[in-house]
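Reminder that position 62 of the sequence shown reads as 62 in full-length UniProt numbering, one-by-one numbering, no gaps.
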Amino acid sequence: MSVIINGHGPRSMSANDRKEYISAVKCMYRHKTHANRRKVPGARNRLDDFVASHLIEGDKIHFNGYMFAWHRHFVWLYEQALEDECG
1 MSVIINGHGP
11 RSMSANDRKE
21 YISAVKCMYR
31 HKTHANRRKV
41 PGARNRLDDF
51 VASHLIEGDK
61 IHFNGYMFAW
71 HRHFVWLYEQ
81 ALEDECG
């Protein structure tokens, strides 16, 4: 999965790396949410955590100068979760 972390997307991955990435994303569905149930009652798994974070922070982030830095950090956190929690 180092292809993702190095800033490349799935289209530039080898077939094997793409397979590992898809497997890790599916693994995120199997992991329980880390989100606060009061703040994000609909979150059921780790992938939901990332969707919820983006939705909650989206209005604050998308319309200011921090947008690109925030998204870069957000993607980094997602990639770290894929690596650390799902190999």
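Just so you know, even glycine gets a beta-carbon here, dropped at the ideal spot from N, CA and C.
N-terminal and C-terminal residue of the alpha helix (DSSP H) that residue i is part of
{"i": "ASN64", "result": "Run containing ASN64: none; DSSP gives neither H nor E here."}
{"i": "ARG11", "result": "Taken as a continuous stretch (DSSP letters only), ARG11 belongs to no alpha helix (DSSP H), as it is neither H nor E."}
Same chain only: Cβ atoms within 6 Å of residue i, ignoring 5 sequence neighbours per side
{"i": "SER53", "result": "none"}
{"i": "CYS27", "result": "CYS86"}
Residue from the options with nearest C-alpha to residue i
{"i": "TYR78", "options": "LYS39, ALA24, ARG30, ASP59", "result": "ALA24"}
{"i": "HIS31", "options": "ASN45, GLY65, LEU82", "result": "ASN45"}
{"i": "VAL51", "options": "GLY9, HIS34, ALA15, ALA69", "result": "HIS34"}
For residue j and residue i, believed in contact at Cβ under 8 Å, the rounded distance
{"i": "GLY42", "j": "ASP49", "result": "About 11 Å; that fails the 8 Å criterion."}
Same chain only: Cβ atoms within 8 Å of residue i, ignoring 5 sequence neighbours per side
{"i": "ILE56", "result": "LYS39, VAL40"}
{"i": "ASP59", "result": "none"}
Near the ligand PLP: residue i beta-carbon under 8 Å from a heavy atom
{"i": "ARG46", "result": "In terms of ligand content, the structure shown is empty, and the ligand PLP therefore cannot be addressed."}
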